Amino acid sequence: MIAELEKQLRRRGRSVVTVHGETPDRERAEAERVFQRGEVQIFLGSINAAGEALTLHRADTCVFVELDWVPAAMHQAEDRGHRAGQTATGYHIISLLAHMPDRQNLDEYVAKVLIEKLANINTILDEKAGIAGRRIEGTDASVRSRVIAALMSEAQRTDVAKNAQVAAMRKRALPRPRKQ
């Protein structure tokens with residue numbers, strides 16, 4: 042997906058740097074540097090590879106063409122450009138999701154799971170509910186951080202089952218080779 046996006050953007054005369062899971066650390070740092078200096082227009086990165094430990098506050102828009110199962114990963118990715126030192130006057134987040142009428146698709150399913158997870162997190166934080174049978178009192182940032190960390194850990198464990206469901210959906214959605 043990223044390779045195709047990069048190709049299409051370059052075809053339209055845009056300057057692009059790309060970071061994905063196989064990008065070496067040195068190239069990742071160079072991509073960040075040239076984007077921050079304004080030497081290229083577009084920083085194109087996967088959520089897992091570019092979602093953390095990068096400063097992209099020159100950005101004014103963040104477009105997602107994929108979603109992550111974990112809300113914290115999405116939040117981190119959104120914050121790469123929206124942070125202290127941001128040079129743009131505004132910051133826009135756009136998520137592009139595929140929609141196929143009469144069929145559930147992967148994007149819609151992941152979005153639904155993310156929304157459910159965020160609703161659960163908000164419910165727990167709002168009610169100061171306990172984690173693993175313990176009641177957590179207080180509303181300060183450290184308590185909320187511990188609650189979120191516990192929830193994210195649980196969410197990542199349950200994602201293994203979700204990934205199996207996604208693999209099955211992908212298999213059904215892909216065109217089958219014709220027998221000759």
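Read left to right, the sequence shown gives residues 42 to 221 (the numbering used here). Here a beta-carbon is modelled for each residue, glycine too, at the ideal position from N, C-alpha and C. Just so it is clear, the structure is predicted and the values come from calculations on it, not from any experiment.
Apart from sequence neighbours up to five positions away, the residues of its chain that approach Ala-91 with a beta-carbon distance below 6 Å are Val-60, ordered along the chain. Counting other Cβ atoms within 10 Å of its Cβ, Gly-62 stays below 16 and is therefore classed as exposed.
Here DSSP, grouped into helix, strand and coil, assigns Leu-85 to strand.
Nearest neighbour of Val-104 by Cα position, chosen from Pro-112, Trp-110, Ile-83, turns out to be Ile-83. When secondary structure is reduced to three states using DSSP, Val-57 falls in the strand class. Only residues of its own chain outside the window of five on either side were considered, and among them Arg-99 have a CB closer than 8 Å to the CB of Gly-79, listed in chain order. Relative to the Cα of Leu-97, the nearest Cα in the group Arg-51, Val-81, Glu-45, Gln-77 belongs to Gln-77.
As the crow flies, the alpha-carbon of Thr-64 is around 23 Å from that of Thr-102.
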